[in-house]
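Novice: For the sequence shown, position 75 (counting from the first letter as 1) is numbered 75 according to the working numbering, and the numbering increases by one without interruption. One structure coming up, written as structure tokens, with questions to follow.
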Amino acid sequence: MPADEVLDPAVVAELRLAQEAYGNPEFIAQLVTLFRTHAPAKIDRLREAAAAGNFPVIEHLAHTLKTNCAMLGATRMADACGRTEMAAARADLPAAAAAMQEAERLLPEVLAALSEL
């Protein structure tokens, strides 16, 4: 996947196939709505957990967000969340904060790309 693509076209194609297989024309829209609703709040909670040095919460939230991003094809944001998760597991706050900031920076791009689905 080229670095400038926000969403992995292969994952988007799989989502479209799943939408057809489920016979639910709103399937992708429902996933996008859930992500749009919950991802910004998870980023906020990640920021709060980092400020408190709460590594278990950082790890859990980053893992959840990583999974959500990967499911929708937002692979760069999923990677940043994965790095946040791994840094939290090591109790490495500077690395977790840096990766978390990257995920936060990517969120508007991801949201915009998902809106086009």
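The beta-carbon is built from N, C-alpha and C at its ideal position, and this holds for glycine as well. This structure is a prediction, so every number in the text was calculated from the model and none was measured.
Could you check where the alpha helix (DSSP H) with E14 kicks off and where it finishes?
Specialist: In the sequence shown, counting from the first residue as 1, residue 14 sits at position 14. Here the alpha helix (DSSP H) through E14 covers P9 to Y22.
Novice: Where does A3 land, buried or exposed, given buried means 16+ other C-beta within 10 angstroms?
Specialist: For the purposes of this step, residue 3 is taken as the residue at position 3 of the sequence shown. Its pLDDT being 47, under 50, A3 is placed unreliably in this model, and the coordinates cannot settle the point.
Novice: Would I58 pass as a contact of A50 if the rule is Cβ separation under 7 Å?
Specialist: The residue labelled residue 58 in the question sits at position 58 within the sequence shown. The residue labelled residue 50 in the question sits at position 50 within the sequence shown. Result yes, Cβ atoms of I58 and A50 sit closer than 7 Å.
Novice: Taking only the alpha-carbon atoms, compute the straight-line gap between L93 and M77 and give it to the nearest angstrom.
Specialist: Here the question's residue 93 lines up with position 93 in the sequence shown. Here the question's residue 77 lines up with position 77 in the sequence shown. Going by the C-alpha atoms only, they are around 19 Å apart.
Novice: If distances are taken between C-alpha atoms only, which option among P9, T75 and A89 comes closest to L61?
Specialist: Counted from its first residue, the sequence shown places residue 61 at position 61. For the residues P9, T75 and A89, the minimum Cα distance to L61 belongs to A89.
Novice: Got a sec? Which residues, its chain only, sit under 6 Å from R83 by beta carbon, not counting five neighbours each side?
Specialist: For the purposes of this step, residue 83 is taken as residue 83 along the sequence shown, with counting starting at 1. A99.
Novice: For V6 versus V110, is the C-beta distance shorter than 7 Å?
Specialist: Working through the sequence shown from its first residue, we reach residue 6 at position 6. Working through the sequence shown from its first residue, we reach residue 110 at position 110. The answer is yes: Cβ separation under 7 Å.
Novice: Would you mind reading off the limits of the alpha helix (DSSP H) that contains P108?
Specialist: Taking the sequence shown and counting its residues from 1, one reaches residue 108 at position 108. Per DSSP, P108 belongs to the alpha helix (DSSP H) from L93 to S115.
Novice: What does a CB cutoff of less than 7 Å around E20 pick up in its chain, not counting 5 residues either side in sequence?
Specialist: Sequence index remark: in the sequence shown, residue 20 carries index 20 (1-based). Answer for E20: no residue qualifies.
Novice: Are the CB atoms of A103 and F55 within a distance shorter than 7 Å?
Specialist: Position 55 of the sequence shown, counted from the start, is the residue given in the question as residue 55. Position 103 of the sequence shown, counted from the start, is the residue given in the question as residue 103. Going by C-beta atoms, F55 is not nearer than 7 Å to A103.
Novice: Could you give the C-beta distance for L117 and V11, rounded to a whole number, given that I count them as a contact under 8 Å?
Specialist: Here residue 117 is taken as the residue at index 117 of the sequence shown, counted from 1. Here residue 11 is taken as the residue at index 11 of the sequence shown, counted from 1. L117 to V11, Cβ: 11 Å. No contact.
Novice: At which residue ranges does the region 39–64 contain complete beta strand (DSSP E) runs of 3 or more residues, listed in the order of the chain?
Specialist: Within the region 39–64, no complete beta strand (DSSP E) run reaches 3 residues.
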